[in-house]
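The structure under discussion appears below in the form of structure tokens.
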Amino acid sequence: MNKLVIALAVLLGASAAVATLAAASRNDLVQRGRYVVMIGGCNDCHTPGFALAAGKVPESQWLTGDELGWSGAWGTTYAPNLRLRFATMDLAAFKGYAHAFTARPPMPYWAVNAMSDADLEALYAFVQSLGPAGKEAPAALPPGVAPPGPVVQFPAPPPALAAH
Ligand code: HEC
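Pasting the structure below:
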């Protein structure tokens, strides 16, 4: 082997190693995002049947939204399809959005607002790795409109809370 060939071989070996490292760290990020989704309980509402199946729902269906409504003083809300929602945003837009958005009950948006940038990057990487799937969840209904499908009905808030 002449020196040029050796140099090329070394360079190619190095770039293959860098590519392997990048893939490994990408995979770490995706796995961390999976963990954030799991301990964040996001599947409980955003994945059809997840809570009732004790979490035994294939990952291919995770976060595809649900037709189960949540009814209360706010009307009726449906957990949206996050696979479709996140696909519309790049990482920077997603992080800005995730730190600031609010939503109606029972979405614990404060939990997402409080996530670190690192956790949000991981969450985003995981949802992107799943890819867009499923259809849009039903649109929310205003108070007083009867929902067509099954709902979880919340009682009216107790007077002490309602006064706030
Ligand atoms: C108790 C049920 C519940 C849990 C748990 C939950 N969500 Fe939600 N989420 C909802 C509902 C219902 C809505 C729709 C609220 C509305 O229409 O205002 C929603 C809305 C959202 C939205 C707004 C989507 C949009 O179109 O702008 C995001 C983002 C979101 N959830 C992310 C998450 C993440 C991430 C987790 C886990 C950390 C999570 N949710 C956990 C029920 C839940």
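With mature numbering (1 follows the signal peptide of the UniProt record, and there is no 0) applied, the sequence shown covers -19 to -1, 1 to 145. Where is the CB? At the ideal position from N, CA and C, for every residue including glycine. Values in this document were obtained by computation on a predicted structure and should not be read as measured data.
| Item | Value |
| --- | --- |
| Reduced DSSP secondary structure (H/G/I, E/B, other) of T83 | coil |
| Other residues of its chain near G50: CB distance less than 8 angstroms, five sequence neighbours each side excluded | T57, T58, Y59, P119, L122, P128, G130, P131, V132 and V133 |
| Q42 versus G36 - alpha carbon distance | 11 angstroms |
| Proximal residues to F31 (C-beta, below 7 angstroms), its chain only, five neighbours per side dropped | N24, D25 and V38 |
| Cβ-based neighbour list, L72, same chain, cut-off 6 angstroms, excluding 5 preceding and 5 following | Y105 |
| Endpoints, the beta strand (DSSP E) within which G(-7) is located | First-last for G(-7): K(-17) to G21, but that is the alpha helix (DSSP H), not the beta strand (DSSP E). |
| Of the listed residues N62, V18, A(-11) and A(-4), nearest to P113 (C-alpha basis) | N62 |
| A79 vs L10 beta-carbon contact at 9 angstroms | no |
| With 16 other Cβ atoms within 10 Å as the buried cut-off, status of G46 | buried |
| G(-7), buried or exposed, once every other Cβ within 10 Å from all chains shown has been counted against 16 | exposed |
| Length of the line joining the Cα atoms of L33 and P86 | 20 angstroms |
| Beta-carbon gap between L(-16) and V18 smaller than 9 angstroms | no |
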